[in-house]
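For the sequence shown, position 284 (counting from the first letter as 1) is numbered 305 according to the numbering used here, and the numbering increases by one without interruption.
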Amino acid sequence: MQFTNAIFGAALCGMLASSVAAHMVITSPVPFGQSSLTNSPLINDGSDFPCKQRSGVYDVTSMNQMPVGVPQSLAFKGGATHGGGSCQVSVTLDKEPTQHSQWKVVHSIVGGCPANTTGNLSEDADGTGASVFEFSIPKGMPNGQYSLAWTWFNKIGNREMYMNCAPITVSGGANNNDVFNALPDMFVINIPNEQCASVEGEDFVFPSPGDSAETPFKTALGSKTIGSGCASVMAKGAGSGAAGTPAPASPTSGASSPSGYAAGSASTEATSAAPQMSTSGSAYSQASAGPAGGSAAVTITTMATVTGGAPTAAASSYAPPPADAPAPAAGSGSSSVSSPSSNTTTTSSGSCSNGAVSCSKPGCVVCIGSNQFGLCDINNCAVPQALADGTSCSGGVVAKRHMTHGRRRLAGRRSF
Numbered sequence: 022m023q024f025t026n027a028i029f030g031a032a033l034c035g036m037l038a039s040s041v042a043a044h045m046v047i048t049s050p051v052p053f054g055q056s057s058l059t060n061s062p063l064i065n066d067g068s069d070f071p072c073k074q075r076s077g078v079y080d081v082t083s084m085n086q087m088p089v090g091v092p093q094s095l096a097f098k099g100g101a102t103h104g105g106g107s108c109q110v111s112v113t114l115d116k117e118p119t120q121h122s123q124w125k126v127v128h129s130i131v132g133g134c135p136a137n138t139t140g141n142l143s144e145d146a147d148g149t150g151a152s153v154f155e156f157s158i159p160k161g162m163p164n165g166q167y168s169l170a171w172t173w174f175n176k177i178g179n180r181e182m183y184m185n186c187a188p189i190t191v192s193g194g195a196n197n198n199d200v201f202n203a204l205p206d207m208f209v210i211n212i213p214n215e216q217c218a219s220v221e222g223e224d225f226v227f228p229s230p231g232d233s234a235e236t237p238f239k240t241a242l243g244s245k246t247i248g249s250g251c252a253s254v255m256a257k258g259a260g261s262g263a264a265g266t267p268a269p270a271s272p273t274s275g276a277s278s279p280s281g282y283a284a285g286s287a288s289t290e291a292t293s294a295a296p297q298m299s300t301s302g303s304a305y306s307q308a309s310a311g312p313a314g315g316s317a318a319v320t321i322t323t324m325a326t327v328t329g330g331a332p333t334a335a336a337s338s339y340a341p342p343p344a345d346a347p348a349p350a351a352g353s354g355s356s357s358v359s360s361p362s363s364n365t366t367t368t369s370s371g372s373c374s375n376g377a378v379s380c381s382k383p384g385c386v387v388c389i390g391s392n393q394f395g396l397c398d399i400n401n402c403a404v405p406q407a408l409a410d411g412t413s414c415s416g417g418v419v420a421k422r423h424m425t426h427g428r429r430r431l432a433g434r435r436s437f
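As C-alpha cells, this is what we get:
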C-alpha cells in the first residue's frame, strides 16, 4: 500500500493532536503492575527494558491462566494506534524479567496491530476500539509461572518500542524446555533509535516471526532498518541466551553463550527479503475472544491467520538473507516456477522437501493451485497452506471477501 503526502500529513496531524494519555496498553492478558503501568513507549535509551521498569513493576493484579493450546485474547485500551504496525507476543521463563531474560515468540502480527487504521482511532485513553487478536501458548511449553510480553513497533510517528508484560501460569505442557528453546527470539528495535530504527510508514516484517503469525494483507510491509548498531540492539530479546528452569515456583537462569538475530542487519541501511512464516498447518479465519471479564465492547477484526504445529527441538532457525539476496542460478536443481505475480506454479518440488514447491522470489506469496498458497522462503521453497474460507489467491495476492463485524459485547469466545 502506498501513501500519498496528503494521507501522511493527515495522519501525522492526527497524532500530534492526540493526547499522550491516549497511547495503548493491554487489558488482556491482565498486565503486571496494572495500577502503575503507563501507556507510553519504552524509554529511548532502553533503561526501562524489559516491561517498563518502575516501582511495583511486577505486582500481580491477577494471574493469567494459560493452558497450552487454548486460545487467549490480546486486547487493548487507548486510541493512539499510530497507523497500526507490527506486534509480537513472547514468553520468558523468568517470573520477574531482567535485561538478561531470554524471550521467545509465540505469536507475530505483521501489520494492523493494534488496529488496521491510517492514523489514530481516537483521543480516548480508555477507548476499546482497537482490534482483539487471538494467540495460544504452544503445546509442549514447560509448565510453570512465567512472564508474557506484548511488544509493538508503531507504523507512523516516532521510532519507538512499546512493551507491556503480564504474569502467566502455563499448564498442560511439558517438564522440559525443548519447545521453548526451539522458538525464535523476540525482536527488538528502536531502543535506542539512534543505533537501530525501523522505517516509518512500514509494517515491519519480523525476520523470525515463528510458526504462528498473521497479517491483514493490505499493509505496507517492509524489513528495512536504519543504523549501525542493529546487531546489538536486536540481540536484546535473546537476553543472556539462557532459558529459565521450568518449575512452578521461581525459574532460574542457567549459563550459555548469547544468541541473537543473524548478522547482516547491522548495515547502515539494509533491506532483507520478507521471511517465510513456516507452517505445516492450514490458514483459517481467526475467531477472536473477548477481553478478561467479557463485558467490554470491542471491535472484532477478521484476519487471515497462519498457524503451525508445535516446533521441536530439532527445528532449524530461520536466518534472514543479506540485502538483495540473489535467486539460485539456473541449473541449481530447483524446478522453476512462474513469478509470484502469476496465478500458477509447477507441481514439482525440485530441491524442496516435505511437500514444499519451488519458487523464485523469497518473501513473496505464491499461489498453489486453486485452494492453497505459500510464502517463498530463502531456500526458494514455499510450504503449501490451505486458504481460509472466503479467500482466494490470484496473481500472488491473497484476497478475501469484505467482512465487517460490528461492535459486540462478548461474554465468551465467539467464532465467526
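All C-beta atoms, glycine included, are put in the ideal place defined by N, C-alpha and C.
Who are the near neighbours of residue i in its chain, counting only those whose CB is closer than 8 Å to its CB and skipping five residues on each side?
i: I389; result: T366, V378, G395, A403, P405, C414
i: E221; result: K176, I177, G178, R180
i: G77; result: G54, S56, S57
i: D147; result: K98, G99
Check residue i in the structure and name its three-state DSSP category.
i: V378; result: strand
i: N85; result: strand
i: F53; result: coil
i: M182; result: coil
i: A263; result: coil
i: S143; result: coil
i: A165; result: The identity of residue 165 in the sequence shown is Gly, whereas the question assumes Ala. Three-state result, G165: strand.
i: V254; result: helix
i: F201; result: helix
i: A284; result: Note that A284 has pLDDT 27, beneath the 50 cutoff, so the model's placement of it is unreliable and the number below is only indicative. It is coil, neither helix nor strand.
i: V191; result: strand
i: C134; result: coil
i: E223; result: coil
i: G417; result: coil
i: I212; result: coil
i: T412; result: strand
i: V387; result: strand
May I have the straight-line CA-CA distance separating residue i from residue j, to the nearest angstrom?
i: S391; j: K257; result: 42 Å
i: C72; j: P213; result: 16 Å
i: T119; j: F70; result: 8 Å
i: W171; j: C373; result: 34 Å
i: F154; j: Q393; result: 24 Å
i: L95; j: A101; result: 17 Å
i: N60; j: S381; result: 43 Å
i: G248; j: P135; result: 26 Å
i: A195; j: T113; result: 15 Å
i: E117; j: D80; result: 10 Å
i: G231; j: G416; result: 26 Å
i: Y282; j: E144; result: Interpretation of Y282 is limited by its pLDDT of 26, a score under 50 that renders its predicted location unreliable; the figure taken from the coordinates is listed afterwards. Computed Cα separation, rounded: 36 Å.
i: T149; j: N400; result: 42 Å
i: T246; j: S219; result: 5 Å
i: G376; j: S111; result: 29 Å
i: Q74; j: G260; result: 16 Å
i: P237; j: L408; result: 14 Å
i: A252; j: F208; result: 11 Å
i: M45; j: S152; result: 12 Å
i: Q166; j: N137; result: 33 Å
i: G67; j: G193; result: 35 Å
For residue i, which residues of its own chain have a beta-carbon under 6 Å away from its beta-carbon, when the five flanking residues on both sides are left out?
i: V418; result: none
i: C186; result: F53, C72, S168, A170
i: G250; result: Q216, C217
i: H121; result: G260, S261
i: T322; result: Residue placement at T322 is poorly supported in this model, since its pLDDT is 36, which falls under 50; the coordinates still yield a value, given next. Once the five neighbours on either side are set aside, the close Cβ partners of T322 are S152.
Residue i bridges to which residues according to DSSP?
i: Q406; result: F394
i: A96; result: S49
i: K245; result: K245 pairs with nothing; no bridge assigned.
i: K125; result: V112, D206
i: F174; result: S107
i: A218; result: I247
Ordered along the chain, which non-local residues of its own chain (more than five positions away) have a Cβ less than 7 Å from that of residue i?
i: S157; result: G90, V91, P92, Q93
i: G35; result: Confidence at G35 is low in this model, with a pLDDT of 38, below 50, so its placement is unreliable and the value that follows should be read with caution. Excluding residues within five positions, the ones whose Cβ falls inside 7 Å are G140, N141.
i: M87; result: Q93, I158, I189, T190, V191
i: P62; result: E181, M182, Y183
i: N65; result: I212, P213, N214
i: S83; result: V51
Determine, using beta carbons only, whether residue i comes closer than 8 Å to chain C.
i: S168; result: The displayed structure is made up of one protein chain only, and chain C is not part of it.
Cβ contact (3+ pairs, closer than 8 Å) linking the segment 156-175 and the segment 98-111: yes
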